[in-house]
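> Mapping of the sequence shown onto full-length UniProt numbering: position 115 corresponds to residue 115, and the numbering continues sequentially without gaps.
Here a beta-carbon is modelled for each residue, glycine too, at the ideal position from N, C-alpha and C.
Note that this is a predicted model, so its numbers are computed, not measured.
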Amino acid sequence: MTAQPPPTSTAFLLAALGRRARDDVERALKPTGYTLRHLSALGHLMGEPGMSYSELGRRAGITAQSAQATVRQLEERGAVERRTDPGRGRTAELHVTATGQELLQAGRDAYADVDAALERVLGKQRRQDLTGLLLSALSGGSSGRD
Numbered sequence: 001m002t003a004q005p006p007p008t009s010t011a012f013l014l015a016a017l018g019r020r021a022r023d024d025v026e027r028a029l030k031p032t033g034y035t036l037r038h039l040s041a042l043g044h045l046m047g048e049p050g051m052s053y054s055e056l057g058r059r060a061g062i063t064a065q066s067a068q069a070t071v072r073q074l075e076e077r078g079a080v081e082r083r084t085d086p087g088r089g090r091t092a093e094l095h096v097t098a099t100g101q102e103l104l105q106a107g108r109d110a111y112a113d114v115d116a117a118l119e120r121v122l123g124k125q126r127r128q129d130l131t132g133l134l135l136s137a138l139s140g141g142s143s144g145r146d
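Right, dumping it as structure tokens:
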């Protein structure tokens, strides 16, 4: 008797494709010395200048302490500036600098390269269809987390 292949799990395939895409983007960012965590923080701060560490952590799904460590690295590299005096109990107003905007563009370029690789495999129409399906799935349901 021939063993049947296991049923294909959409969730597993999405996780595998997501892992591959994340690895490809991380590889593209490596020469810059930044990571997806840095890129995510910059994206959130660019979308809402003046955001605090706590709010950044909530939006990025990380602790405020992790957000502070990430922002500290971005500050040291000139990608983010704090426009309030540092001090206990003060809310830091964080802003993306021109250097940070350049990194965001490098991230967009890396994502575009991953999209182009998908398009080479799937073709333009199927890649666009996949994008539409993923957007529908993301907007239409629960991740199962409470």
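1) Whole angstroms are fine: how far does the CA of residue 47 sit from the CA of residue 24?
2) Helix, strand or coil: how does DSSP classify residue 82 here?
3) By the DSSP assignment, the alpha helix (DSSP H) with residue 92 in it spans what residues?
4) With a threshold of 6 Å on Cβ separation, who are the neighbours of residue 107 within its own chain once the five nearest residues in sequence on each side are excluded?
5) Go through its chain and collect everything with a Cβ distance to residue 80's Cβ below 8 Å, but skip five positions before and after it.
6) Under 8 Å, with one C-beta from each stretch per pair, do the segment 14–28 and the segment 112–120 reach the 3-pair mark?
7) Classify residue 61 as buried or exposed, calling it buried when 16 or more other Cβ atoms lie within 10 Å of its own Cβ.
Quick answer:
1) For the purposes of this step, residue 24 is taken as residue 24 along the sequence shown, with counting starting at 1. For the purposes of this step, residue 47 is taken as residue 47 along the sequence shown, with counting starting at 1. About 24 Å.
2) Locating residue 82 in the sequence shown gives position 82, where the first residue counts as 1. DSSP places residue 82 in strand when its eight states are reduced to three.
3) For the purposes of this step, residue 92 is identified with residue 92 of the sequence shown, where counting begins at 1. Residue 92 -> no alpha helix (DSSP H), and no H or E assigned at all.
4) If you number the sequence shown from 1, residue 107 lands on position 107. Same-chain partners within the cutoff: 39.
5) Against the sequence shown, residue 80 aligns to sequence position 80. Correct list, in chain order: 41, 42, 45, 71, 74, 94, 95, 96, 97, 100.
6) Under the three-pair Cβ rule at 8 Å, the segment 14–28 counts as touching the segment 112–120.
7) Translated into the one-based positions of the sequence shown, residue 61 becomes position 61. Per the 10 Å Cβ criterion, exposed.
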